[in-house]
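*Asks:* Which chain is which? The protein sequence lines are W and D, in order.
Counting in numbering that gives the first Met the number 0, the first sequence runs from 0 upward without gaps.
Counting in numbering that gives the first Met the number 0, the second sequence runs from 0 upward without gaps.
Glycine included, C-beta positions come from ideal geometry on N, C-alpha and C.
Dumping the structure here so I can ask a few things about it.
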Amino acid sequence: MLKTEKLTKSFGGNIAVNAVDFQINQGEITAIIGPNGAGKTTFFNLISGLHRPTSGKIFLEGEDVTNKPSYEIAKMGIARTFQTTKLFAEATVMDNLIIGHRLRTKSGFWSAVIRSKRYRKEESECREKALQVLEFVGASELANRPVASISQEEQKRVAIALALATDPKLVLLDEPAAGINADETSGLAELIKKMKQAGLTICIIEHKMQMIMNLADRIMVLNQGTKIAEGTPAEISRNETVIEAYLGGTPHAQAH
Amino acid sequence: MRSFPASKWVVPALLLVALAIPLLTDNSYYLNMLIMIFIWTIAVSGMNMIAGYAGQLSLAHAGFFGMGAYTLGLLMAKAQMSFLVSLVMAVALTGIVGAVVGMISLRLKGHYFAIFSLCMGVIISLVIEKWESLTEGVRGLLGIPIPKIGSFEFSTVTSQYYLILFFLVLAMFVNRQIVQSLVGRTFISIRNSEELAEALGINVMQSKILAFVHSTVLAGLAGALYAGYLRFLGPEVASIEHAFEMLLYLLVGGISTLWGPLVGTALVMAMMQLLQSWQDYRMIIFGPILVLIVMFLPHGIMGALARLKMKRQSVLPETIDNENRVIEKGTTDRRLAGGEIDA
Chain W
0 MLKTEKLTKS
10 FGGNIAVNAV
20 DFQINQGEIT
30 AIIGPNGAGK
40 TTFFNLISGL
50 HRPTSGKIFL
60 EGEDVTNKPS
70 YEIAKMGIAR
80 TFQTTKLFAE
90 ATVMDNLIIG
100 HRLRTKSGFW
110 SAVIRSKRYR
120 KEESECREKA
130 LQVLEFVGAS
140 ELANRPVASI
150 SQEEQKRVAI
160 ALALATDPKL
170 VLLDEPAAGI
180 NADETSGLAE
190 LIKKMKQAGL
200 TICIIEHKMQ
210 MIMNLADRIM
220 VLNQGTKIAE
230 GTPAEISRNE
240 TVIEAYLGGT
250 PHAQAH
Chain D
0 MRSFPASKWV
10 VPALLLVALA
20 IPLLTDNSYY
30 LNMLIMIFIW
40 TIAVSGMNMI
50 AGYAGQLSLA
60 HAGFFGMGAY
70 TLGLLMAKAQ
80 MSFLVSLVMA
90 VALTGIVGAV
100 VGMISLRLKG
110 HYFAIFSLCM
120 GVIISLVIEK
130 WESLTEGVRG
140 LLGIPIPKIG
150 SFEFSTVTSQ
160 YYLILFFLVL
170 AMFVNRQIVQ
180 SLVGRTFISI
190 RNSEELAEAL
200 GINVMQSKIL
210 AFVHSTVLAG
220 LAGALYAGYL
230 RFLGPEVASI
240 EHAFEMLLYL
250 LVGGISTLWG
260 PLVGTALVMA
270 MMQLLQSWQD
280 YRMIIFGPIL
290 VLIVMFLPHG
300 IMGALARLKM
310 KRQSVLPETI
320 DNENRVIEKG
330 TTDRRLAGGE
340 IDA
C-alpha cells in the first residue's frame, strides 16, 4: 500500500532517517520500533508529508507522493496522530472532531455566509461523522465535554477518532499508548485491532513491546536512522542485531 | 466557541436601541461618538478574524484602514466617481492587496509575521504620506463630496449614522456566519495547531490567506466609511498608533469572540472621550487598566463571560459523569480523582 525507497532525511549534518526501504501492506498492522532518537517520528513526518525528504521516494498505492504537501497526503487517505495529541483543550470533544471531516467538504466562504443547501448538508455530514467516529472509539459520552476535562487515555481515543474522521485508508499512530496505564493500554490495543477489522491499514510507533508483539503483523526496527531489521514479531524477538541494539544484551541474557 | 449572548432577545434589543437612538437625541456629539465606535468596530472585527480566530497577529490593519479611506477619498474627490462605486473599489483594492501581502507574509509564523505586518502597515502609511502628487501628503485630502446613493444625500449626521450602522450589522452578520461555520472552525483549528490542521487535510496557507483577506476587506470598508463620513483625510489615519489602539480594543473586549470588538471599542473609546481633558495623561489611567485586564481577564470581557457560561453549563453533566465512573470502577483512587475534578 505504502512503499518507501531509500528514504533519507538530514537536518543539517545530522541524518535522522537514512536510506530506509520500507513497505506497509494493505490491511496489516505494521509497527516501527527503535530506541529514542532512532528517527521513528521523523519517518512518520516524512510519509505524512509534514517534512520533505532529503532524498528517496514515497509511493502510495503505486503513485509517487514524495513531495506532496501534508494536506494533500491526508486527502489521499493517510491520517496520523501525534505523540502529544494537539487537541484544542478549551473546546469540546465534538468541536474538535467536526473539523476532522472538513477535507471531504467543498463549501467555501460564501456558501458558509448564506448557509447554502450544500453547506448545510456538508456541515451535518461533518457532525454525523464526528458522532460516528466517537462511537467507534467508544467515547460517545464525552461528546460535550471540554477536552481539558477528560483523561489522558480519553484524549488519545479522541485523537484517534479525529484521524478516523478524515476517512483514511492508512492510519499512522505515533506512540498512542504513551503516558497511559496498563489497563488502558490493553483497551487501546483492542481499539487498534478493531480498526484493523474495519479494514484499515495501520502503522504504529510504540515503545510498549508487549503491546506491539501482540498487535503487529510486521515490525521494522530503526536504529540511528537506519533500518536494522524487519519481520514478524517472532522473527524480531529472535533477531540478534535487534536484541543487541535495542532490547539490550544477548538472547541468552533475555531468557533469564 | 458560541460567544453570543445567552438570550435570544439581546441581539434584536440591541439593534432596536441602535435604530432608535437618533430618534431620541439630536445631539450630534453622541451620534458622532457612536459613528466612530461603529467604524472602528468594523475594523477591529477584521483584525479579530486574522488575529483572534486564525491566530496570526496582524498589525497592518491601520494601514489597510488608511488604504480603504484614501481609495474612496481619491476616487470621489479626484475621479468624481460615485460613492457606491468608490466603496466597492476601496473594498476590492484592500482585498487584492491583502491577498498579495498575505501570500508573502503568511509564510512567516508567530512574532515574525507580526513584525512583517507591522512593517507592511508602516509602508502603507509612508506611501500615503509621501506620495504627495496623488494623496496631497500631509496637507491632507480635502473636497471629498457628500456620499450619495441614487438621489439620496447622506448629508446629515443621522443619515450617516444609519448608513454606517447598516454596514456594521452586515459585517457582524457575515462574521457570525463565518465563525459559526466549517470555515470558522477551520481558522480556529489553524490557531490551535497548524501541524494538526495540515494532517487533517486542511490547506493551512489557503485558509490563512482567506482569513487575512476577509480581515483586510473589513479594515478597508471601515476606512472607506470613515472617509465618506469625515470627508477630509490626513495620512495619520493609517498611522501605526491606530493599529495598537485596535489591538487594545480587541484585547479589552475579548479576542476571538464575536462581540469583543464592539464591546472593547465602545468601552475604550467612550472612556477616552470622558477623559479627553486629561489629554496625554489619560494613559496614566489606561496603562494600569490594561495591565489589570490582562492579569484578571486575559480573554477580555466577552471571553471571560463565555468562559463563565461554559463552566456553568459543564458543571452538572461532569459531576454525574464522574460519579458514574466511580460506581463502574469502584476504586477509591478513582473516587479521589473524581472529587478533585468536582472541586
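(1) Select from the region 150–163 of chain D all residues with a C-beta closer than 9 Å to any C-beta belonging to chain W, and list them in chain order.
(2) Going by the CB atoms, is the gap between W:A129 and W:I77 shorter than 8 Å?
(3) Against chain W, does D:Q272 count as a neighbour if the rule is that its beta carbon must be under 8 Å from one of theirs?
(4) With DSSP as the reference, please indicate the residues paired to W:R230 in a beta bridge.
(5) Buried or exposed: D:G65, going by 16 or more other Cβ atoms within 10 Å of its Cβ?
(6) Using a C-beta cutoff of 8 Å, does D:I201 count as contacting chain W?
(7) When we look at the beta-carbon of D:I319 and count the other beta-carbons within 10 Å, is it buried (16 or more) or exposed?
(8) Is it the case that the Cβ atoms of D:Y52 and D:A210 are separated by a distance below 8 Å?
(9) Please classify W:R79 as buried or exposed, where buried requires at least 16 other C-beta atoms within 10 Å of its C-beta.
(10) By DSSP, does W:I46 sit in helix, in strand, or in coil?
(11) Helix, strand or coil for D:N47 per DSSP?
(12) In terms of alpha-carbon separation, which member of D:S158, D:Y280, D:W277 and D:P260 lies closest to D:S27?
(13) Would you please verify whether the beta carbon of D:S57 is less than 8 Å from any beta carbon of chain W?
(14) Our contact map puts D:L58 next to D:A19 with C-beta atoms below 8 Å; I'd like the distance itself, whole angstroms only.
(15) Roughly how many whole angstroms lie between the Cα atoms of D:R190 and W:I159?
(16) Rounded C-beta distance between D:M119 and D:V100? I'm assuming under 8 Å.
(17) Report the neighbours of D:R184 on chain W: residues whose CB is nearer than 8 Å to its CB, in chain order.
(18) Identify the residues that DSSP records as bridge partners of W:L172: which are they?
(19) Residues of chain W with a CB under 8 Å from the CB of D:V173: which are they?
(20) Distance check for D:L83 and D:P144, CA to CA, integer angstroms please.
(21) Answer with buried or exposed for D:Y280, where buried requires no fewer than 16 other C-beta atoms within 10 angstroms of its C-beta.
(22) Helix, strand or coil: which one does DSSP assign to D:D279?
(23) Kindly list the residues whose CB is nearer than 7 Å to the CB of W:A244, restricted to its own chain and excluding five residues on each side of it in sequence; keep chain order.
(24) For W:S236, which of W:G12, W:M208 and W:G224 has the nearest alpha-carbon?
(25) For chain W, check one thing: does any of its Cβ atoms lie closer than 8 Å to the Cβ of D:S192?
(26) Does any residue of chain D bring its CB to less than 8 Å from the CB of W:I73?
*Replies:* This is what the structure holds:
(1) none
(2) Start at 1 with the first residue of the first sequence, and residue 77 of chain W comes out as number 78. Start at 1 with the first residue of the first sequence, and residue 129 of chain W comes out as number 130. Not in contact: W:I77 and W:A129 (Cβ atoms no closer than 8 Å).
(3) The count along the second sequence starts at 1 and reaches residue 272 of chain D at position 273. With 8 Å as the cut-off, D:Q272 does not count as an interface residue toward chain W.
(4) Numbered from its first residue, the first sequence carries residue 230 of chain W at position 231. According to the sequence provided, residue 230 of chain W is Gly. The question's Arg does not apply to it. Looking at the DSSP assignment, W:G230 forms a beta bridge with W:I218.
(5) Taking the first residue of the second sequence as 1, we reach residue 65 of chain D at position 66. Buried is the call here.
(6) Mapped onto the second sequence, residue 201 of chain D falls at position 202. Answer yes: the Cβ-Cβ gap between D:I201 and chain W drops below 8 Å somewhere.
(7) Against the second sequence, residue 319 of chain D aligns to sequence position 320. Any answer about D:I319 is weak, because its pLDDT of 40 lies below 50 and its placement is not dependable; what the coordinates show is given next. Classification for D:I319: exposed.
(8) Here residue 52 of chain D corresponds to residue number 53 of the second sequence, with the count starting at 1. Here residue 210 of chain D corresponds to residue number 211 of the second sequence, with the count starting at 1. The answer is yes: Cβ separation under 8 Å.
(9) For the purposes of this step, residue 79 of chain W is taken as the residue at position 80 of the first sequence. Buried, since its Cβ has 16 or more Cβ neighbours within 10 Å.
(10) The count along the first sequence starts at 1 and reaches residue 46 of chain W at position 47. Helix, per DSSP.
(11) What you label residue 47 of chain D is simply residue 48 of the second sequence in a count that begins at 1. Three-state result, D:N47: helix.
(12) Within the second sequence, residue 27 of chain D is the residue found at index 28, counting from 1. Nearest of D:S158, D:Y280, D:W277 and D:P260 to D:S27, Cα basis: D:S158.
(13) Within the second sequence, residue 57 of chain D is the residue found at index 58, counting from 1. By this cut-off, D:S57 is not an interface position.
(14) Residue mapping note: residue 58 of chain D aligns to position 59 of the second sequence, counting from 1. Residue mapping note: residue 19 of chain D aligns to position 20 of the second sequence, counting from 1. With 8 Å as the limit, D:L58 and D:A19 do not qualify as a contact, their Cβ atoms being about 37 Å apart.
(15) The residue given as residue 190 of chain D occupies position 191 in the second sequence. The residue given as residue 159 of chain W occupies position 160 in the first sequence. C-alpha separation (whole angstroms): 20 Å.
(16) In the second sequence, residue 119 of chain D corresponds to position 120, counting from 1. In the second sequence, residue 100 of chain D corresponds to position 101, counting from 1. With a Cβ gap of about 6 Å, D:M119 and D:V100 count as contacting.
(17) Sequence index remark: in the second sequence, residue 184 of chain D carries index 185 (1-based). Simply D94, I97, I98 and R101.
(18) The sequence position of residue 172 of chain W within the first sequence is 173, counting from 1. Its beta-bridge partners are W:I203.
(19) Locating residue 173 of chain D in the second sequence gives position 174, counting from the first residue. Residues of chain W passing the Cβ test: V112.
(20) Stepping through the second sequence from its first residue, residue 144 of chain D is reached at position 145. Stepping through the second sequence from its first residue, residue 83 of chain D is reached at position 84. Rounded to whole angstroms, the gap between the alpha carbons of D:P144 and D:L83 is 12 Å.
(21) As a first step, residue 280 of chain D is located in the second sequence; it is residue number 281 there, counting from the start. So D:Y280 counts as exposed.
(22) In the second sequence, the residue the question calls residue 279 of chain D occupies position 280. In this structure, DSSP gives D:D279 a helical state, which the three-state scheme calls helix.
(23) The residue labelled residue 244 of chain W in the question sits at position 245 within the first sequence. The residues are N222 and I227.
(24) Numbered from 1 along the first sequence, position 237 holds the residue referred to as residue 236 of chain W. Nearest option by C-alpha distance: W:M208.
(25) Position 193 of the second sequence holds residue 192 of chain D. Judged by the 8 Å Cβ criterion, D:S192 is in contact with chain W.
(26) The residue given as residue 73 of chain W occupies position 74 in the first sequence. Checking the displayed sequence, the identity of residue 73 of chain W turns out to be Ala instead of Ile. Yes - at least one Cβ of chain D is within 8 Å of the one on W:A73.
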